[in-house]
């Protein structure tokens, strides 16, 4: 375990046990690292420091319930306040150094999708495709995956958060591939849908509906636009095409240290996009028993429009 304590005067201390101490000294910037010895208790060490500094108000980002209760019991009359929104406010807007890392993560993700396009065919399993994608990203510099790789084929593609299994991809399948590389703690997110063989008229119609909905949303997104308006543009297009009931999730989400962060692009969102947000735009149509189509890119919000960070052809693959 570990705990980061940030005081109002700017003093920051990361408390860690010995197993992480040497790595923390190398990787931590702008905070001192303090060792918690094996015979010491992390929470007691932190609360002792708080008492020494006569802290009366303590804001926290996220804590396990058990940790929260132990802190409350130990600190007694200290007031606890939820500071998560303060943290998210800092994380919503990416600075140039963060954007640079996210561009690299997106580049690695795009390479993974290129590999998928090279190898996908009837006769290969979902699991094999996922393994090749992850290897391609890793050998080119990825630190791992931002989330479990999704390769969902056939009727499985109708599950928005389907995983990948032993199913062998067949001719005529829709295959939804959703991937993300991690690079120096920052994430990326990219989805493309492949069609194995010549698409049926219904497959083609659904694909084109999703493609055009994403195109409209990308053109709408920019600084000072309400996030729900970007969602509305895509959702209205899909609804007018007759598939509204099959678009079952929000249009997008922020990306950063986590793959899902604020702001949220959804019908109920209260967020307004600002320059420096990094978000996904990912409309989808999912018809149970038939299959699904999703097209997703990670984009950087600019004053006038967006910059796509993920680069992968948006086309039907035969």
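In my numbering, the protein residues as written are -3 to 314.
Ideal Cβ placement from N, Cα and C applies to all residues, glycine included.
Predicted model only: the values in this text are computed from it and were never measured.
Based on the DSSP output, what are the partners of residue i in its beta bridges?
{"i": "residue -1", "result": "11"}
{"i": "residue 53", "result": "75"}
{"i": "residue 30", "result": "11"}
{"i": "residue 178", "result": "140, 183"}
{"i": "residue 157", "result": "According to DSSP, residue 157 bridges with nothing at all."}
{"i": "residue 215", "result": "DSSP lists no partner for residue 215."}
{"i": "residue 304", "result": "295"}
{"i": "residue 121", "result": "164"}
Suppose contacts are defined by Cβ-Cβ distances below 8 Å. Is residue i in contact with residue j by that definition?
{"i": "residue 219", "j": "residue 297", "result": "yes"}
{"i": "residue 189", "j": "residue 212", "result": "no"}
{"i": "residue 88", "j": "residue 258", "result": "yes"}
{"i": "residue 280", "j": "residue 289", "result": "yes"}
{"i": "residue 275", "j": "residue 249", "result": "yes"}
{"i": "residue 271", "j": "residue 299", "result": "yes"}
{"i": "residue 217", "j": "residue 295", "result": "yes"}
{"i": "residue 67", "j": "residue 39", "result": "yes"}
{"i": "residue 175", "j": "residue 149", "result": "no"}
{"i": "residue 287", "j": "residue 197", "result": "no"}
Work out the CA separation of residue j and residue i for me, nearest whole Å.
{"i": "residue 186", "j": "residue 310", "result": "11 Å"}
{"i": "residue 114", "j": "residue 128", "result": "10 Å"}
{"i": "residue 83", "j": "residue 2", "result": "12 Å"}
{"i": "residue 121", "j": "residue 159", "result": "12 Å"}
{"i": "residue 285", "j": "residue 183", "result": "32 Å"}
{"i": "residue 266", "j": "residue 135", "result": "40 Å"}
{"i": "residue 324", "j": "residue 168", "result": "Any property of residue 324 remains undetermined from this structure, which presents the chain solely from -3 to 314."}
{"i": "residue 163", "j": "residue 194", "result": "20 Å"}
Quick check: does the Cβ of residue i come within less than 7 Å of any heavy atom belonging to the ligand MG?
{"i": "residue 220", "result": "As for the ligand MG, it is missing from this structure, which has no ligand bound."}
Since residue i and residue j should fall inside the 8 Å C-beta cutoff, what is the C-beta to C-beta distance between them, to a whole number of angstroms?
{"i": "residue 8", "j": "residue 26", "result": "6 Å"}
{"i": "residue 277", "j": "residue 210", "result": "6 Å"}
{"i": "residue 109", "j": "residue 191", "result": "Not a contact, Cβ separation roughly 15 Å."}
{"i": "residue 221", "j": "residue 269", "result": "5 Å"}
{"i": "residue 307", "j": "residue 106", "result": "5 Å"}
{"i": "residue 234", "j": "residue 205", "result": "6 Å"}
Touch test, the stretch 97 to 107 against the stretch 70 to 83, Cβ-Cβ under 8 Å, three pairs minimum: Counting Cβ pairs under 8 Å, fewer than three are found: no touch.
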